[in-house]
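**Q** Questions regarding the structure given below will be posed in turn.
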Amino acid sequence: MTKYLVSRILRGLLSVLIVVGIVMMMIYAFLDRRTIFAEDPVYSKQKSNAKQVYMMQQWERYGYLDYVPYADYLAQLLSRGEIDGQTYDAAVKLDRTPAADSGTTKNYVNQFAQEYEEKGYTVVRLKGDTQGNSQKYKEGGEPRLYAHRDIPVLTRLWRYITGIITVDNIHNAQGDVGKRGLTFTLYDPVYGGEKFSPAILGNGTTHKYLLYFDNRFPYIHQNLVKVNLGLSYSVNKGVDVAQTMTASQGSFVRRQVTYPTGVVEQTADDLHTATYSPGSLQSNPLKQKYFVDDYTNVSTAKTGLSRLGYSFTIGILAVVLAYLLAIPLGIAMARHKDKGLDKLGTVYIVFITAVPSLAYIFLFQSIGGRLGLPTAFDMENPSWLMYILPVISLALPATANLMKWLRRYMIDQMNGDYVKFARSGGLSEGEIFRKHVLRNAGIPLVHGIPASILGALTGAIITERVYVVPGAGNLLTNAINAYDNGVIVGVTLFYALLTVTSVIVGDVLMSLADPRITFTPKGR
Amino acid sequence: MEQKKVILSVRDLHVKFCVRGRILSAIRGISLDLYRGESIAIVGESGSGKSVFTKTFAGMLETNGYIDQGQLLFYGVEGTPLDLTALRRARDWNQIRGGKIATVFQDPMTSLDPIIPIGRQITSVILKHQACTKAEARARALELMAKVGIPEPQARFDDYPFQYSGGMRQRIVIAIALSCQPQILICDEPTTALDVTIQAQILKLIKDLQKEFGYTIVFITHDLGVVANIADRVAVLYAGQIVELGTVEEIFYDPRHPYTWALLSSLPQLAQRNTKLYAITGTPPSLYNRIVGDAFAPRNPQCMQIDTLKEPPMFRVTDTHYAKTWLLDPRAPKTEKPELIRNIHEKLLKAFHI
Ligand SMILES: Nc1ncnc2c1ncn2[C@@H]1O[C@H](COP(=O)(O)OP(=O)(O)O)[C@@H](O)[C@H]1O
Ligand SMILES: [Mg+2]
Chain A
1 MTKYLVSRIL
11 RGLLSVLIVV
21 GIVMMMIYAF
31 LDRRTIFAED
41 PVYSKQKSNA
51 KQVYMMQQWE
61 RYGYLDYVPY
71 ADYLAQLLSR
81 GEIDGQTYDA
91 AVKLDRTPAA
101 DSGTTKNYVN
111 QFAQEYEEKG
121 YTVVRLKGDT
131 QGNSQKYKEG
141 GEPRLYAHRD
151 IPVLTRLWRY
161 ITGIITVDNI
171 HNAQGDVGKR
181 GLTFTLYDPV
191 YGGEKFSPAI
201 LGNGTTHKYL
211 LYFDNRFPYI
221 HQNLVKVNLG
231 LSYSVNKGVD
241 VAQTMTASQG
251 SFVRRQVTYP
261 TGVVEQTADD
271 LHTATYSPGS
281 LQSNPLKQKY
291 FVDDYTNVST
301 AKTGLSRLGY
311 SFTIGILAVV
321 LAYLLAIPLG
331 IAMARHKDKG
341 LDKLGTVYIV
351 FITAVPSLAY
361 IFLFQSIGGR
371 LGLPTAFDME
381 NPSWLMYILP
391 VISLALPATA
401 NLMKWLRRYM
411 IDQMNGDYVK
421 FARSGGLSEG
431 EIFRKHVLRN
441 AGIPLVHGIP
451 ASILGALTGA
461 IITERVYVVP
471 GAGNLLTNAI
481 NAYDNGVIVG
491 VTLFYALLTV
501 TSVIVGDVLM
511 SLADPRITFT
521 PKGR
Chain B
1001 MEQKKVILSV
1011 RDLHVKFCVR
1021 GRILSAIRGI
1031 SLDLYRGESI
1041 AIVGESGSGK
1051 SVFTKTFAGM
1061 LETNGYIDQG
1071 QLLFYGVEGT
1081 PLDLTALRRA
1091 RDWNQIRGGK
1101 IATVFQDPMT
1111 SLDPIIPIGR
1121 QITSVILKHQ
1131 ACTKAEARAR
1141 ALELMAKVGI
1151 PEPQARFDDY
1161 PFQYSGGMRQ
1171 RIVIAIALSC
1181 QPQILICDEP
1191 TTALDVTIQA
1201 QILKLIKDLQ
1211 KEFGYTIVFI
1221 THDLGVVANI
1231 ADRVAVLYAG
1241 QIVELGTVEE
1251 IFYDPRHPYT
1261 WALLSSLPQL
1271 AQRNTKLYAI
1281 TGTPPSLYNR
1291 IVGDAFAPRN
1301 PQCMQIDTLK
1311 EPPMFRVTDT
1321 HYAKTWLLDP
1331 RAPKTEKPEL
1341 IRNIHEKLLK
1351 AFHI
């Protein structure tokens, strides 16, 4: 069993890898990489040579290529002691055209070009862009020199995969942080140091808090292991997809917080999210009031759930409601096949299947609105009522689907020979139902449960849009519209993992319910 | 058969099915008495109505079928007989099914619930039909498993059906049927799905256990070959009617109906070297239409004019032997049974013992 599971999981991961690889291939190799700037306001403000450089910088940041500006090269030489400051200052000055460069500059430019061309880079020299005939450069028109080299998709894939999970460690923070190490405390200083609340703090780590408790679900949190699914370009610029999906939303929550300096304030700052930001304390006098070290980069606590949180809450409620409705209804339809109830149920199933989901979601919305239920999500004034309509909109079609299958499975079982044999042995219809039909019909149903539950995490695009739910459902469509490739890949990976997991868990559940299915090679 | 006591009396039974608005007459007037402790075989080709006929005994007809006419008098309970055709409610049938009349079906592979251990399937029936505790039920189930020939029942008690072979499953099916302690055991082609050697073992098992449990066997088969091994009497069914009824000896050595002749002639055991196996020509009549005359007439090589006009009555040959053919009418020309089955006794002996 363990062996089989391990091999299933490995094969599942391999297929996830292949899917992500294909998606990456499609969007990074076949798609014009300029499209990522489609929704970028900074890009449209850039002019002339600066625009080229901006593009290079962004492409480097989002993993398309390696980019080395000439100045960086010189700085590197300087830091290695191969040149002195004077030479640096002389060499870094580029004139309008290469021909006009000074001797020193020419010398180092050639050296730069030679070195990087050898490494397979393309060296680009942008001529100074002057205004008319004057010597003045246009805005952003200074001459530029840089080398760039594309990163092959396979390398990207490899870097992406290996970077998905990062574990914080005490050598992460650069610079002088004092004594590196971990401390364990029973009294979290954030709460004033008197309330019992264990925490693990790090010095030298990226995150200050590696493990802590607070009053938000699931109450215990960690920053030790981080998942990185890929940086967003436009949907949530510069933030990782995983963070985009899991960060809380809504308005700030102010609570009493004790800062490291001992200052106590009502604030939304969430000190548990503090990360290391080198030199930040020194350069920002404001922060010196609160912080004692460079762990000053904190995010704020908000009232709402995360995107995943909203999607999952609605989704899981809908799944539970759907099963609660569909199981008794499907059973009743099967037991009274071709009678009134069955016909009514069939009408419902046909209605849900035939009518586009948008249509009945609007229908439910307007009916719900008449009844006085909130028809839009409001994170500022959250109430349980606002969940009702989205949950119903999701549950009713799911119910129809489940009813359809359960009825089918039951009827198949009821026509089974073993049912006839049980009946000929004098078992009552009720007993046959309970002891045989239900259990057998339940097996294929059990298989689908993990998929429905995990599927709730992906969010429901239409429902969430209609009810303005800030969920995860529209993340992928938004990303596609905005050419936010990092998010597309990240979300693809997330969905693929969910699917593979739910199939494997479904198979395991089914094997528990059905003795004919075993995971030992002999049984197969 | 020392003292014949009727256990079930079928009187002029007609069964019809409603198929997409058309009426199909599956059983067209059968009268038959079953005796306590006997073993009767019902033979006939596929579609002749064997299953439908016996399904009526336990109220197991599909929902589109109904008893149009006739009576089924069950003498199993003391006192007045119970007319099974009058039973309507499922609860009443549950008093009959299993405890009075149990059925073993054709396909052992699908007769058991695939996801419940064998032992539990037996004990649940025992608990249903016999007043006893769980522990006693288990002991009885193990005993039954041993009786039907499951080696090491203790070890196999918690196995699932898929862990059993076809023959073993049919033994379990028989064990379950017997755990109801039925008075009549209907075996609907119980060996058709099994291979030949297993077939013989199962037949012997059913027959052997009859001595101990004292049930009446109604054995359905389309294979006359297995009849000799199990039955005291044979009823030959054709197009929803009994065309010949008699003891095994009478049916094999003195058959009177041309259809019985044809069935016997097509026994593979009679096929001689280098000759083709005898096959009955034509197909049975459609049961949707009213059948005029003798239903077998169109396929009967010795068909007479009257066969096509008027349905023959049951002619009595002996007290135990009846046949529904105009050949037995005194006015009919003398017709001999086919050459092939004349000295059937020696041929069969040769086929079976050499
Ligand atoms: N549920 C049903 N609906 C319609 N026709 C049926 C049904 N069951 C049996 N029949 C018909 O009744 C006839 C007898 O069937 P059956 O008793 O199963 O034959 P067999 O002798 O092979 O057991 C066949 O013509 C069959 O088509
Ligand atoms: Mg049959």
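Taken in sequence, the protein lines are chains A and B.
If you read the first sequence in this note's numbering, its first letter stands for residue 1, the second for the next number, and so on.
If you read the second sequence in this note's numbering, its first letter stands for residue 1001, the second for the next number, and so on.
For every residue, glycine included, the Cβ atom is placed at its ideal position computed from N, Cα and C.
#1: Against Arg1097(B), what residues of chain A qualify as contacts under a CB-to-CB distance less than 9 Å, listed in chain order?
#2: Please determine, among Thr1103(B), Gln1272(B) and Leu1327(B), the residue with the shortest C-alpha to C-alpha distance to Phe1296(B).
#3: Is the beta carbon of Ser306(A) sitting closer than 7 Å to the one on Ala395(A)?
#4: I'd like to confirm the pairing. Which residues does DSSP put opposite Leu1237(B) in its beta bridges?
#5: Does any C-beta atom of chain A lie closer than 7 Å to the C-beta of Thr1216(B)?
#6: With a threshold of 16 other CB atoms inside 10 Å of the CB of Glu1078(B), please say whether the residue is buried or exposed.
#7: Quick check on Arg524(A): does DSSP put it in helix, strand or coil?
#8: Taking only heavy atoms of ligand 1 into account, decide whether any of them is closer than 6 Å to the Cβ of Phe1105(B).
#9: Less than 6 Å separating the Cβ of Lys1050(B) from some heavy atom of ligand 1?
#10: Does at least one heavy atom of ligand 1 sit under 6 Å from the Cβ of Asn1064(B)?
#11: With 16 other CB atoms within 10 Å as the buried threshold, where does Ala354(A) fall?
#12: Considering only DSSP beta bridges, list what Ser1025(B) is partnered with.
#13: Please name the residue, chosen from Gly448(A), Val446(A), Asn415(A) and His447(A), that lies closest to Phe433(A) on a Cα-to-Cα basis.
#14: Name the one or two DSSP bridge partners that Gln1071(B) has.
#15: Using 7 Å as the limit for Cβ to Cβ distance, is Cys1180(B) near chain A?
#16: Within 10 angstroms of its Cβ, does Lys195(A) collect 16 or more other Cβ (buried), or is it exposed?
#17: At what residues does the alpha helix (DSSP H) containing Ser1039(B) begin and finish?
#18: Please find out if some non-hydrogen atom of ligand 1 comes closer than 6 Å to the beta-carbon of Phe1017(B).
#19: Is DSSP giving Pro189(A) helix, strand or coil here?
#20: In or out: Arg1020(B) buried (at least 16 other Cβ within 10 Å) or exposed?
#21: Note down, in chain order, every chain A residue with its Cβ under 7 Å from the Cβ of Ser1111(B).
#22: Looking at chain A, which residues of the segment 1142–1172 of chain B have a Cβ within less than 8 Å of any of its Cβ atoms?
#23: Could you please give me the residues that DSSP links to His207(A) through a beta bridge?
#24: List, in chain order, every chain B residue whose beta-carbon is nearer than 7 Å to that of Asp514(A).
#25: Can you list, in chain order, the stretches of the beta strand (DSSP E) that have 3 or more residues and sit fully within the segment 1166–1243 of chain B?
#26: Report buried or exposed for His171(A), applying the criterion of at least 16 other Cβ atoms within 10 angstroms of its Cβ.
#27: Please report the residue range of the alpha helix (DSSP H) in which His447(A) lies.
#28: Within 10 Å of its beta-carbon, does Val1010(B) have 16 or more other beta-carbons around it, so buried, or fewer, so exposed?
#29: Going straight from the alpha carbon of Tyr483(A) to that of Ala38(A), what length do you get?
#30: Distance cutoff 7 Å, beta carbons only. Does Asn1094(B) sit that close to anything in chain A?
#31: May I ask whether a heavy atom of ligand 1 can be found less than 6 Å away from the beta carbon of Gly1360(B)?
#32: If we ignore side chains and look at the alpha-carbon of each, how far apart do Asp270(A) and Val298(A) end up?
#33: Please list, in chain order, all residues of the same chain as Asn236(A) whose beta carbon is under 6 Å from its beta carbon, the five residues on each side excluded.
#34: In chain A, what lies closer than 9 Å to Ala1177(B) by C-beta?
#35: Who are the Cβ neighbours of Leu1178(B) in its own chain at under 7 Å, not counting the five residues just before and after it?
#36: Can you tell me whether Glu1062(B) is buried or exposed? The criterion is at least 16 other CB atoms within 10 Å of its CB, across all chains shown.
**A** With the given structure in hand:
#1: Under the 9 Å cutoff, chain A gives Arg423, Ser424, Gly425, Gly426 and Leu427.
#2: Checking every option, the nearest Cα to that of Phe1296(B) belongs to Leu1327(B).
#3: No, the pair does not count as a contact, with Cβ atoms beyond the cut-off.
#4: Partner(s): Ile1242(B).
#5: For Thr1216(B), the answer is no, since every Cβ of chain A falls outside 7 Å of its Cβ.
#6: Glu1078(B) is classed as exposed because its beta carbon has fewer than 16 other beta carbons within 10 Å across all chains shown.
#7: Note on Arg524(A): pLDDT 41, under 50, position unreliable in the model; no value is reported.
#8: Not so, every heavy atom of ligand 1 lies at least 6 Å from the Cβ.
#9: Inclusion of Lys1050(B) in the 6 Å shell around ligand 1 follows from its C-beta lying nearer than that to a non-hydrogen atom of the ligand.
#10: Yes, the Cβ of Asn1064(B) comes within 6 Å of a heavy atom of ligand 1.
#11: By the Cβ neighbour-count rule, Ala354(A) is exposed, with fewer than 16 other Cβ atoms within 10 Å of its own.
#12: Per DSSP, Lys1016(B).
#13: Among Gly448(A), Val446(A), Asn415(A) and His447(A), the Cα nearest to that of Phe433(A) belongs to Asn415(A).
#14: Paired residues: Arg1011(B).
#15: Cys1180(B) counts as touching chain A.
#16: The residue is exposed, with fewer than 16 neighbouring Cβ atoms inside 10 Å.
#17: Note, Ser1039(B): premise wrong, no alpha helix (DSSP H); beta strand (DSSP E) at Ser1039 to Val1043.
#18: Under cutoff, so the answer is yes.
#19: Reduced to three states, the DSSP call for Pro189(A) is helix.
#20: By the Cβ neighbour-count rule, Arg1020(B) is exposed, with fewer than 16 other Cβ atoms within 10 Å of its own.
#21: Within chain A, the C-beta atoms nearer than 7 Å to that of Ser1111(B) come from Asp417, Tyr418 and Phe421, in chain order.
#22: Those would be Tyr1160 and Phe1162, in chain order.
#23: As a beta-bridge residue in DSSP terms, His207(A) pairs with Thr275(A).
#24: Those are Ile1115, listed as they occur along chain B.
#25: DSSP runs (the beta strand (DSSP E)) wholly in the segment 1166–1243 of chain B: 1184–1188, 1216–1221 and 1233–1238.
#26: Exposed, by the Cβ-count rule.
#27: Here the alpha helix (DSSP H) through His447(A) covers Leu438 to Gly455.
#28: Here Val1010(B) is buried: its Cβ has 16 or more other Cβ atoms, across all protein chains shown, within 10 Å.
#29: Using only the alpha carbons, I get a separation of about 7 Å.
#30: Answer yes: the Cβ-Cβ gap between Asn1094(B) and chain A drops below 7 Å somewhere.
#31: There is simply no residue 1360(B) to check, as chain B begins at 1001 and stops at 1354 in what is shown.
#32: Looking at the two C-alpha atoms, the distance is approximately 6 Å.
#33: Around Asn236(A): Thr244.
#34: For Ala1177(B), the chain A residues whose C-beta falls within less than 9 Å of its own C-beta are Phe421, Ser424 and Gly425, listed in chain order.
#35: Same-chain partners within the cutoff: Leu1144, Leu1209 and Phe1213.
#36: Its Cβ having fewer than 16 others within 10 Å, Glu1062(B) is exposed.
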